[in-house]
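Residue numbers (our numbering): 67 to 109.
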């Protein structure tokens, strides 16, 4: 789901290059999500 959101964000930035700040924010959010998320507990 998260990768789909990033792909949609990349598509919007590709069509409207002025919105490059959104791409930077998405990249930083993705990095934060990958490295600092709490892994689910194994039951």
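Note that beta-carbon positions come from the ideal geometry of N, C-alpha and C, so glycine has one too. On a predicted model such as this, the values are computed, not experimentally measured, just so you know.
Rounded to the nearest whole angstrom, the CA to CA distance from residue 70 to residue 107 is 24 angstroms. Separation of the CB atoms of residue 72 and residue 79 is rounded to 10 angstroms, and the pair is thereby denied contact status at 8 angstroms.
Counting only residues of its own chain and dropping the five nearest sequence neighbours on each side, residue 75 has a CB closer than 8 angstroms to the CB of 88, 89, 92.
Here residue 104 carries a coil assignment [DSSP, helix/strand/coil].
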